[in-house]
Amino acid sequence: MKTNRRQFLKTAGFTLGTAGFVGRSAFAAETTKQPSFISRPSKMKLGIVTYNIAKDWDVPTIIKNCTETKFQGVELRTTHAHGVEVALNKQQRDEVKKQFRDSPVELMGLGSAFDYHTPDQAKLRADIAATKEYIILAHDVGAPGVKVRPNGLPPEVPKEKTLEQIGKSLREIGEFGEGHGVQIRLEVHGKETSLVPNAKAIMDVADHKNVGVCWNSNQSDLEGEGFDHNFNLLKKKIFTVHMRDLYLDEYPFRKLLASLNDSGFTGYCLAEITESKDPVRVLRYFRSLWLAYQGLL
Numbered sequence: 004m005k006t007n008r009r010q011f012l013k014t015a016g017f018t019l020g021t022a023g024f025v026g027r028s029a030f031a032a033e034t035t036k037q038p039s040f041i042s043r044p045s046k047m048k049l050g051i052v053t054y055n056i057a058k059d060w061d062v063p064t065i066i067k068n069c070t071e072t073k074f075q076g077v078e079l080r081t082t083h084a085h086g087v088e089v090a091l092n093k094q095q096r097d098e099v100k101k102q103f104r105d106s107p108v109e110l111m112g113l114g115s116a117f118d119y120h121t122p123d124q125a126k127l128r129a130d131i132a133a134t135k136e137y138i139i140l141a142h143d144v145g146a147p148g149v150k151v152r153p154n155g156l157p158p159e160v161p162k163e164k165t166l167e168q169i170g171k172s173l174r175e176i177g178e179f180g181e182g183h184g185v186q187i188r189l190e191v192h193g194k195e196t197s198l199v200p201n202a203k204a205i206m207d208v209a210d211h212k213n214v215g216v217c218w219n220s221n222q223s224d225l226e227g228e229g230f231d232h233n234f235n236l237l238k239k240k241i242f243t244v245h246m247r248d249l250y251l252d253e254y255p256f257r258k259l260l261a262s263l264n265d266s267g268f269t270g271y272c273l274a275e276i277t278e279s280k281d282p283v284r285v286l287r288y289f290r291s292l293w294l295a296y297q298g299l300l
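At position 69 of the sequence shown the residue is numbered 72 (the working numbering), and the sequence of numbers has no breaks.
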């Protein structure tokens with residue numbers, strides 16, 4: 004009995020000691036955790052475009068750097084070092100999908116350079132066919148959207164005819180994308196086609212729920228009747244947003260973020276910024292400004 008009692012006391016003492024150690028460890032972990040003065044999470048998401056800051060990163064590096072800087076997603080621009088292109092076979096596509104699925108970083112889209120303003124109808128059909136291949140790639144790697152663009156207005160063709168052609172092309176690929184669960188996001192891009200009223204005319208022709216715009220934060224957003232008017236022309240069709248360096252005081256980034264929040268936008272704001280010798284540090288600053296401009300930090 005004495006032996007059993009001594010053994011009980013020894014065991015009990017060890018257990019209590021262990022509990023005390025665990026408790027102290029948990030307390031130490033809590034006290035060493037850095038405080039955060041972010042008042043609440045943003046309703047929007049923050050990501051990057053691989054053009055240009057991440058153009059030389061492969062997929063593991065993208066995931067590592069986005070995770071480290073708390074960026075939630077990425078749009079992979081075609082031709083960059085990540086290598087996510089239509090030439091990938093099924094196994095390679097599955098591997099890309101798995102890498103993002105197993106990480107905290109979302110592959111939120113693929114960024115193409117396809118445009119539909121050419122007066123050459125054979126080239127137009129070829130570009131539309133190539134876009135459909137890219138949509139299939141997006142589906143296979145788990146990207147819910149594809150970015151396309153106009154890149155100008157041919158001077159030999161009436162403006163209205165070109166805008167209508169772009170819109171009809173978008174409707175066709177929008178219908179195809181809908182069948183694969185992939186959005187079509189028209190970047191507000193290119194000489195004259197970046198003017199918001201022209202982008203609105205394209206959207207009116209496209210007239211498809213699966214086709215929207217990628218607001219591109221161009222200086223031309225301020226032209227004509229001004230930012231507020233132009234934003235309101237497209238606010239119901241904004242699927243994603245590209246943002247330049249937030250330190251630029253030539254563009255009303257605070258107003259843009261306020262307008263997006265007021266419109267109920269919950270999609271991605273994507274940093275489309277130049278490469279840096281210290282990209283992780285730059286992205287951390289970008290995120291802080293993005294939060295501060297929303298009054299969250």
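The beta carbon of each residue, even a glycine, is placed where N, CA and C say it ideally should be.
Taking all protein chains shown into account, do 16 or more other C-beta atoms lie within 10 angstroms of the C-beta of residue i, making it buried, or fewer, making it exposed?
i      : result
Ala132 : exposed
Thr70  : exposed
Arg96  : buried
Ile187 : buried
Val214 : buried
Thr196 : buried
Glu228 : exposed
Arg284 : exposed
Arg43  : exposed
Asp210 : exposed
Between the alpha carbons of residue i and residue j, how many angstroms are there, rounded?
i      : j      : result
Val108 : Lys238 : 26 angstroms
Arg27  : Gln297 : Since pLDDT at Arg27 reaches only 34, below the 50 mark, its modelled position is unreliable, and the value read off the structure follows with that caveat. About 38 angstroms.
Ile205 : Asn235 : 15 angstroms
Asn92  : Gly86  : 12 angstroms
Asp231 : Ala261 : 11 angstroms
Ala32  : Ile138 : Only weak support exists for where Ala32 lies, its pLDDT of 40 falling under 50; the value from the coordinates is given anyway. Answer to the nearest angstrom: the Cα atoms are 46 angstroms apart.
Glu78  : Leu173 : 20 angstroms
Gly148 : Gly177 : 10 angstroms
Gly170 : Asn201 : 11 angstroms
Trp293 : Glu278 : 18 angstroms
In the DSSP assignment, the beta strand (DSSP E) including residue i goes from what residue to what residue?
i      : result
His142 : Run containing His142: none in the beta strand (DSSP E); it sits in the alpha helix (DSSP H), Gln124 to Val144.
Ala274 : Tyr271 to Ala274
His245 : Ile241 to Met246
Leu113 : Glu109 to Gly114
Trp218 : Val214 to Trp218
Check this for me: beta carbons of residue i and residue j, under 9 angstroms apart or not?
i      : j      : result
Leu3   : Val89  : Residue 3 is absent from the structure shown; the chain starts at 4 and stops at 300.
Phe103 : Leu286 : no
Met111 : Gly155 : no
Val208 : Lys240 : no
Gln168 : Leu127 : yes
Asp118 : Asp130 : yes
Lys150 : Glu190 : yes
Gly267 : Thr243 : no
Leu113 : Thr64  : no
Gly145 : Lys100 : yes
Asn55  : Glu275 : yes
Gly193 : Arg247 : no
Provide the residue span of the alpha helix (DSSP H) that contains residue i, from first to last.
i      : result
Glu190 : Unbroken run through Glu190 is the beta strand (DSSP E), Gln186 to Glu190; no alpha helix (DSSP H).
Mind the definition here: the segment 37 to 44 touches the segment 246 to 261 only if three or more C-beta pairs lie below 8 angstroms; say whether that holds.
At 8 angstroms Cβ cutoff, the stretches do not touch.
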